[in-house]
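S.K.: For reference, each letter of the sequence shown is one residue, going 1 to 50 in full-length UniProt numbering.
All residues carry an ideal CB built from backbone N, CA and C; glycine is no exception.
Below is a structure I'd like to ask you about.
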Amino acid sequence: MMVQGPVRVETPDGSTVESDRFMVAICTCRRSKTYPLCDTSHRKKRRPTP
1 MMVQGPVRVE TPDGSTVESD RFMVAICTCR RSKTYPLCDT SHRKKRRPTP
(Lines of atoms letter the chains of each structure in order from A; the text may use other names.)
(Lines give C-alpha, C1' and ligand atoms only; values in the text may rest on other atoms or scores of the structure.)
Protein backbone atom coordinates (compact mmCIF):
# COMPACT_ATOMS: atom_id res chain seq x y z
CA MET A 1 0.00 0.00 0.00
CA MET A 2 1.48 3.36 -1.01
CA VAL A 3 0.99 6.36 1.28
CA GLN A 4 2.23 9.93 1.11
CA GLY A 5 5.12 10.60 3.43
CA PRO A 6 6.64 11.47 5.71
CA VAL A 7 5.10 8.79 7.94
CA ARG A 8 5.37 7.36 11.42
CA VAL A 9 4.03 3.82 11.83
CA GLU A 10 3.37 2.21 15.20
CA THR A 11 3.92 -1.55 15.18
CA PRO A 12 1.87 -4.06 17.22
CA ASP A 13 4.65 -4.26 19.83
CA GLY A 14 4.46 -0.49 20.39
CA SER A 15 7.68 0.53 18.64
CA THR A 16 7.61 3.14 15.89
CA VAL A 17 9.16 3.26 12.44
CA GLU A 18 9.62 6.56 10.63
CA SER A 19 10.30 7.46 7.01
CA ASP A 20 10.83 10.93 5.61
CA ARG A 21 10.37 9.90 1.96
CA PHE A 22 7.63 11.58 -0.06
CA MET A 23 6.00 8.19 -0.88
CA VAL A 24 6.23 5.15 1.37
CA ALA A 25 5.25 1.53 0.69
CA ILE A 26 3.59 -0.10 3.69
CA CYS A 27 3.87 -3.89 3.89
CA THR A 28 0.51 -5.66 4.02
CA CYS A 29 1.80 -9.26 3.73
CA ARG A 30 4.14 -9.21 6.78
CA ARG A 31 6.94 -10.90 4.78
CA SER A 32 9.15 -7.83 4.40
CA LYS A 33 12.59 -7.79 5.99
CA THR A 34 11.94 -4.16 6.93
CA TYR A 35 8.35 -4.65 8.20
CA PRO A 36 6.18 -2.53 8.47
CA LEU A 37 7.81 -0.92 5.44
CA CYS A 38 7.77 -2.88 2.17
CA ASP A 39 11.12 -3.78 0.61
CA THR A 40 9.72 -6.22 -2.01
CA SER A 41 11.53 -9.15 -0.35
CA HIS A 42 8.13 -10.87 -0.25
CA ARG A 43 8.64 -11.75 -3.89
CA LYS A 44 11.39 -14.18 -2.86
CA LYS A 45 9.37 -15.89 -0.10
CA ARG A 46 6.48 -18.29 -0.41
CA ARG A 47 3.29 -17.69 1.51
CA PRO A 48 2.85 -20.00 4.48
CA THR A 49 0.24 -22.69 3.95
CA PRO A 50 -2.76 -22.45 6.28
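Under 9 Å between the Cβ atoms of residue 24 and residue 12?
M.R.: Here residue 24 corresponds to residue number 24 of the sequence shown, with the count starting at 1. Here residue 12 corresponds to residue number 12 of the sequence shown, with the count starting at 1. Against a cut-off of 9 Å, the Cβ pair of residue 12 and residue 24 comes out as no contact.
S.K.: Considering residue 2, what are the terminal residues of the beta strand (DSSP E) in which it resides?
M.R.: Reading the sequence shown from its first residue, position 2 is the one you call residue 2. Element bounds for residue 2: 2-4.
S.K.: Quick one: grab the DSSP three-state call for residue 15.
M.R.: Translated into the one-based positions of the sequence shown, residue 15 becomes position 15. Coil.
S.K.: Straight-line CA distance for residue 41 to residue 31?
M.R.: Taking the sequence shown and counting its residues from 1, the one referred to as residue 41 is at position 41. Taking the sequence shown and counting its residues from 1, the one referred to as residue 31 is at position 31. So the two alpha carbons sit approximately 7 Å from each other.
S.K.: Suppose you measure from the CA of residue 34 to the CA of residue 22; what does that come to, to the nearest Å?
M.R.: In the sequence shown, the residue the question calls residue 34 occupies position 34. In the sequence shown, the residue the question calls residue 22 occupies position 22. Cα to Cα, the separation comes out at about 18 Å.
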